[in-house]
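Numbered according to our numbering, the sequence shown spans residues 319 to 474.
From the three backbone atoms N, C-alpha and C, an ideal C-beta is built for every residue, glycine too.
All values derive from a computational prediction rather than experimental measurement.
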Amino acid sequence: MANARATHSVPGADARAELARAGLRCTRERVLTLTTLARVATPRTVEELSALLGGSVHRVTLYRTLERLVGGGVVERVLFPDGLLRYEYVSTHHHHVTCTRCGRHVPITFSHARMNDTALRVAPDFATVEGHTLEFYGTCRVCERAAGGMSGYATR
Ligand SMILES: [Zn+2]
Ligand SMILES: [Zn+2]
Ligand SMILES: [Zn+2]
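Here is the structure:
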């Protein structure tokens with residue numbers, strides 16, 4: 319369990335270079351979407367992204383664009399305990415620990431390089447496994463203190 323801390327800061331990501339790296343054609347929508355995701359550097363829902371883009375990309379196109387970016391490996395889907403699917407720009411693959419009380423989340427990395435291969439091995443009906451989502455949740459120290467050290471389920 320090395321590399322306990324990941325980071326969400328991605329200074330000056332070059333969207334065009336990233337698209338090329340992902341083997342994706344440069345389109346206006348892809349450059350806009352990737353640039354915006356890299357700038358906010360935190361996972362966002364399609365609705366939040368749409369608002370950030372000021373409606374310059376149609377919702378359906380935005381969704382399709384995001385899925386293409388996911389396919390290219392430059393964006394990942396994140397499902398937090400609130401049940402909302404978010405997308406984030408990933409310079410390096412990582413996961414998150416989310417507080418179920420206040421929603422605060424921090425990025426984490428740990429060594430699990432062969433997880434996709436493992437999934438593929440135990441799922442013989444699948445030809446490929448390209449990725450995974452794995453999210454951790456618990457109570458942050460601030461919330462733990464506020465609750466007087468009592469642990470329990472969130473009601474948020
Ligand atoms: Zn992973
Ligand atoms: Zn908290
Ligand atoms: Zn992240």
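Buried/exposed call for residue i, threshold 16 Cβ in 10 Å
i, result
"residue 414", "buried"
"residue 335", "exposed"
"residue 493", "Because the chain spans 319 through 474 in this model, residue 493 falls outside it and cannot be assessed."
"residue 403", "exposed"
"residue 436", "exposed"
"residue 465", "exposed"
"residue 441", "exposed"
Contact set for residue i: own chain, Cβ-Cβ below 8 Å, skip 5 residues either direction
i, result
"residue 337", "343, 344, 348, 349, 352, 390, 392"
"residue 354", "367, 370, 371"
"residue 394", "388, 405, 406, 408, 411, 449, 451"
"residue 426", "322, 323, 324, 412, 413, 414, 415, 454"
"residue 380", "347, 351, 364, 367, 368, 371"
"residue 319", "Low local confidence applies: a pLDDT of 40 at residue 319 is under 50, so the model's placement there is unreliable, with the coordinate-based value given in what follows. Taken in chain order, the residues that qualify are 428, 429."
Close-in-space but distant-in-sequence residues of the same chain around residue i (CB under 6 Å, 5 per side omitted)
i, result
"residue 398", "416"
Residue from the options whose Cα sits closest to the Cα of residue i
i, options, result
"residue 450", "428, 441, 434, 460", "434"
"residue 386", "341, 440, 463, 332", "341"
Rounded distance between the beta-carbons of residue j and residue i, thought under 8 Å
i, j, result
"residue 373", "residue 400", "Not a contact, Cβ separation roughly 24 Å."
Is the segment 353-362 touching the segment 436-449, taking contact as three or more C-beta pairs under 8 Å?
-> In short, these stretches do not touch, since the Cβ pair count stays below three.
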